Structure formats: structure tokens, C-alpha cells
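Just so you know, we're using the working numbering here: the sequence shown kicks off at 12 and counts up by one. These notes are about the structure you will find just below.
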Amino acid sequence: MEATHSNIPATSADGPSTLVRMPMVIKITGLGRSTIYRLMAENLFPCQVKIAKRAVAWRQADLELWSKMRQPVPH
Numbered sequence: 012m013e014a015t016h017s018n019i020p021a022t023s024a025d026g027p028s029t030l031v032r033m034p035m036v037i038k039i040t041g042l043g044r045s046t047i048y049r050l051m052a053e054n055l056f057p058c059q060v061k062i063a064k065r066a067v068a069w070r071q072a073d074l075e076l077w078s079k080m081r082q083p084v085p086h
């Protein structure tokens with residue numbers, strides 16, 4: 012298992028995972044860019060995957076798992 016920016020395990024090598032860039036991460040999570048980077052700095056958000064020399068993405072499966080692990084807000 013590879014290192015991540017959070018306590019969330021990286022997806023296994025069972026199959027290909029869709030990679031998403033920052034604009035889609037913002038849409039998927041509903042969070043702003045600065046909040047995403049703050050959570051990454053606090054090791055509370057899935058790590059990025061380097062896809063090119065100056066480009067990163069996130070595994071969609073990691074984002075979905077992170078979302079499922081979030082605490083629901085009581086009404």
C-alpha cells in the first residue's frame with residue numbers, strides 16, 4: 012500500500028481507477044480549493060497522484076471512500 016496524505020488507504024491495484032483533476036474534485040466534494048489543500052496539509056484528505064511533471068489528479072475511488080467516511084451533520 013502506498014503512502015497517502017491521510018489515514019485513508021490508497022485503493023488497491025485490483026483494477027484501474029478513474030483519475031480526476033481539481034475542478035472535478037471541487038464538484039465531487041463540494042469543497043473549495045483552499046479547503047481541499049488545508050485538509051491535505053492536515054492529513055485529512057486523500058493524496059494526489061502525479062500524472063505528469065507538473066500535473067496531479069486524485070483517484071475517484073479514494074474521494075468516494077473519503078466522502079463515505081465523513082460524519083453526517085445532525086439535523
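No residue lacks a Cβ here, since even glycine has one placed at the ideal position from N, Cα and C. Remember, predicted model here, so these are calculated numbers, not experimental data.
- For residue 79, the enclosing alpha helix (DSSP H) has its first and last residue at 71-80.
- Taking a 10 Å sphere around the C-beta of residue 84, we find fewer than 16 other C-beta atoms and assign the residue as exposed.
- Here residue 50 carries a helix assignment [DSSP, helix/strand/coil].
- Judged by DSSP secondary structure, residue 64 falls outside any alpha helix (DSSP H); it is assigned neither H nor E.
- Nearest to residue 73 by C-alpha distance, out of 53, 45, 60 and 49, is 60.
- Comparing alpha-carbon positions, the option among 46, 52 and 57 lying closest to residue 31 turns out to be 57.
- Assignment of residue 84 by DSSP, reduced to helix, strand and coil, places it in the coil class.
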